[in-house]
Amino acid sequence: MKKVLIVDDEPSIVTLLTFNLEKEGYHVTSANDGLVGYELALNESFDFLILDIMLPRLDGMEITKRLRQEKVQTPILLLTAKDDTIDRILGLEIGADDYLTKPFSPREVLARMKAIFRRMEPRQGAEAVTEAPIEEAPALLQIGDIIADLTNFQVTVKGTPIFLTPKEFELLVYFMKRKDRVIDRDTLLDRIWNYDFAGQSRIVDVHVSHLREKIETDPKNPQYLVTVRGFGYKFQRPKV
C-alpha cells in the first residue's frame, strides 16, 4: 500500500482527496500546516506528497525546496489556486514533479500520480514502438566521467556523487540511453513529463540548465549535454 501525504489548509480539499485516494488503495496522512507537513515529509517515509502552495507558516514551494536540499526524493505534486506559468515553472525548477491548478477533479490527481509512478519504473514495450530501438540498459550507465546507477538512483561525476531531483535523474538517464541522438523539446515533454505541456518548452530548458550545472565542468560551455540549434539537445561523449 503506497503512502501519501496531503498538506493543504482547506478541509474540503483534504476530505475530497483522502476519500478518493483511500478508495484507490492508498494510505493517506494529512496536515493543514506547512511546517508540520514539512516535518512529516522529512522524518517519515511516504511514496507521494501533495502540497498546497499557500499554507500557514511554510508554503508549498519552500517545503519542496527544503526537502530537495535534504535529498528527499519523494515525488511532489503542487496544488495552487493561481494559474501562473511563472509559478508553475518555478515549482518544477525547485524540484516538484508536477503542478495542478485548482479547481481540479480527483481523477486528474490520480492520473497525474499514476503517470509519475509509471515514469519512475523502467520503460519497456510501448516506447519501443514509437522510437528507434535502444540497447537494453545495464544497471550502470557510463559516458565519459558520468556514471548513473539505475538500481540505486545515484549519479557520480569524476567519482564524486551528485544530487539530482527525480526529474533530473530521469532526464539524464533518458539522454544517456540515447547517446548521440538529437532529441527535440516536444519529445522530451512527452516522454519525461508524460502529458501535454504544449508551448512550454521553457520547462525543458530550465531542467536542462539545472542538469548542466550539476554534471558539466563549465555549464556555459557544455561538453556532454549540447544544444543543437533549431532541433533540440544531444548527449555525447566529450571531445578530446
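Per numbering that gives the first Met the number 0: the sequence shown = residues 0 to 239.
Virtual Cβ for every residue (Gly too), placed ideally from N, Cα, C.
Computed from a predicted model, the values in this text were never measured in an experiment.
Query	Result
Does the segment 167 to 176 come within contact of the segment 205 to 217, defined as at least 3 CB pairs closer than 8 Å?	yes
For L54, count neighbouring C-beta atoms within 10 Å of its own C-beta (all shown protein chains included) and say buried if the count is 16 or more, exposed if not.	buried
Checking 9 Å against the spacing of the C-beta atoms, do G59 and G94 come in under that value?	no
Determine, using beta-carbon pairs with one atom in the segment 141 to 154 and one in the segment 96 to 108, whether at least three such pairs fall under 8 Å.	no
Which residue's Cα is closest to the Cα of I202: T216, T186, E215, K64?	T186
Excluding the 5 residues preceding and the 5 following V154 in the sequence, name in chain order all residues of the same chain whose CB lies nearer than 6 Å to its CB.	A147, I161, L163
Could you tell me which residues DSSP pairs with Q141 in its beta bridges?	I146
For P102, name the three-state secondary structure that DSSP assigns.	coil
If you run the structure through DSSP and keep just helix, strand and coil, what is V172?	helix
By DSSP, does A30 sit in helix, in strand, or in coil?	strand
Give the C-beta separation of I49 and T79 to the nearest angstrom, bearing in mind that I take them to be a contact with Cβ-Cβ under 8 Å.	Actually they are not in contact, since the Cβ atoms of I49 and T79 sit about 12 Å apart, beyond 8 Å.
Pick out the complete alpha helix (DSSP H) segments inside the segment 29 to 84, 4 residues or longer, and give them in chain order.	33 to 42, 59 to 68
Could you check which residue in L171, P237, K233 has the C-alpha nearest to that of D217?	P237
Is the CB-CB distance between F230 and D183 below 9 Å?	yes
List the endpoints of the continuous beta strand (DSSP E) containing I243.	Given that the chain is displayed from residue 0 to residue 239, the structure contains no residue 243 and the question cannot be resolved.
According to DSSP, is F18 part of a helix, a strand, or is it coil?	helix
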